[in-house]
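In the working numbering, each residue's number is its place in the sequence shown (first place is 1) plus 448.
Just so it is clear, CB atoms sit at the ideal spot from N, CA and C, and this is done for glycine as well.
Structure first, then comments.
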Amino acid sequence: MSRRLKRTNLFSKDVSSLLYAYGDVPQPLLSTTHCLDEIVSQYLVDVCTSAVKVSTNSKRNKVKLEDFKFALRKDPIKLGRAEELIATNKVITEAKKQFNETDNSSLKRFRGQDGEEEEDVEDEDADEANSHPEDEDVKITSKQSKNSKRSIKKSGSRPKKQKKAN
Numbered sequence: 449m450s451r452r453l454k455r456t457n458l459f460s461k462d463v464s465s466l467l468y469a470y471g472d473v474p475q476p477l478l479s480t481t482h483c484l485d486e487i488v489s490q491y492l493v494d495v496c497t498s499a500v501k502v503s504t505n506s507k508r509n510k511v512k513l514e515d516f517k518f519a520l521r522k523d524p525i526k527l528g529r530a531e532e533l534i535a536t537n538k539v540i541t542e543a544k545k546q547f548n549e550t551d552n553s554s555l556k557r558f559r560g561q562d563g564e565e566e567e568d569v570e571d572e573d574a575d576e577a578n579s580h581p582e583d584e585d586v587k588i589t590s591k592q593s594k595n596s597k598r599s600i601k602k603s604g605s606r607p608k609k610q611k612k613a614n
């Protein structure tokens with residue numbers, strides 16, 4: 449291990465819960481959590497330092513994931529766990545992308561294809577949306593039919609006919 453870190457207590461909460469999970473008391477001694485916190489912090493610093501050395505040896509300014517894999521190459525258990533976490537992270541980011549895409553498409557469907565708000569479209573097409581196809585031949589576009597379906601769903605019944613003033 450290299451130089452000594454000042455006490456940061458970055459992982460003290462996690463260390464105390466891990467100790468409890470492995471059979472220690474619910475509130476372990478502060479000296480125990482500080483000691484383990486220091487060991488974990490020092491290990492992470494050492495791994496990051498070796499990854500930086502690998503990246504400088506390959507004449508790069510930035511550290512890549514491959515540098516961390518190379519730094520962990522001598523410990524197959526830690527390397528396997530790191531690769532598992534990387535794969536899980538990729539799956540999570542892809543799922544988030546798919547979720548955001550479906551969320552945006554449903555928002556567009558609710559607001560209309562052009563991104564207009566519902567109120568603006570209903571005011572323009574009020575007469576056409578309230579007329580029934582049985583009464584007269586009216587050519588209804590998909591946008592108008594969506595708006596009439598929305599007004600039916602909101603009111604709970606079919607829209608009533610309005611009397612036209614002469």
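Return the chain-ordered ranges of every alpha helix (DSSP H) run that is complete within the segment 502-557 and spans a minimum of 4 residues. 513-519
Do you know offhand how far I540's Cα is from T550's? For the purposes of this step, residue 540 is identified with residue 92 of the sequence shown, where counting begins at 1. For the purposes of this step, residue 550 is identified with residue 102 of the sequence shown, where counting begins at 1. Cα-Cα distance, rounded: 15 Å.
Should the segment 514-531 be regarded as contacting the segment 498-505, the criterion being three or more beta carbon pairs within less than 8 Å? yes
Do L458 and S489 count as a contact pair if the criterion is CB distance below 8 Å? Taking the sequence shown and counting its residues from 1, one reaches residue 489 at position 41. Taking the sequence shown and counting its residues from 1, one reaches residue 458 at position 10. For S489 and L458, yes; Cβs fall inside 8 Å.
Nearest-angstrom Cα separation, counted from N552 out to I487: For this step, residue 487 is matched to residue 39 along the sequence shown. For this step, residue 552 is matched to residue 104 along the sequence shown. Rounded to the nearest angstrom, the two C-alpha atoms are 45 Å apart.
Within a Cβ cutoff of 8 Å, which residues of the same chain sit near K512, ignoring the five residues on either side of it in sequence? Residue mapping note: residue 512 aligns to position 64 of the sequence shown, counting from 1. Excluding positions up to five away in sequence, the list reads S503.
Taking the Cβ atom as the reference point for each residue, do L492 and V463 lie within a distance shorter than 8 Å? As a position in the sequence shown, residue 492 is number 44, starting the count at 1. As a position in the sequence shown, residue 463 is number 15, starting the count at 1. No, the pair does not count as a contact, with Cβ atoms beyond the cut-off.
List the endpoints of the continuous alpha helix (DSSP H) containing D472. Within the sequence shown, residue 472 is the residue found at index 24, counting from 1. Run containing D472: none; DSSP gives neither H nor E here.
In whole angstroms, what separates the C-alpha of T536 from that of L477? By one-based count along the sequence shown, residue 536 stands at place 88. By one-based count along the sequence shown, residue 477 stands at place 29. If I take the Cα positions, the gap works out to 34 Å.
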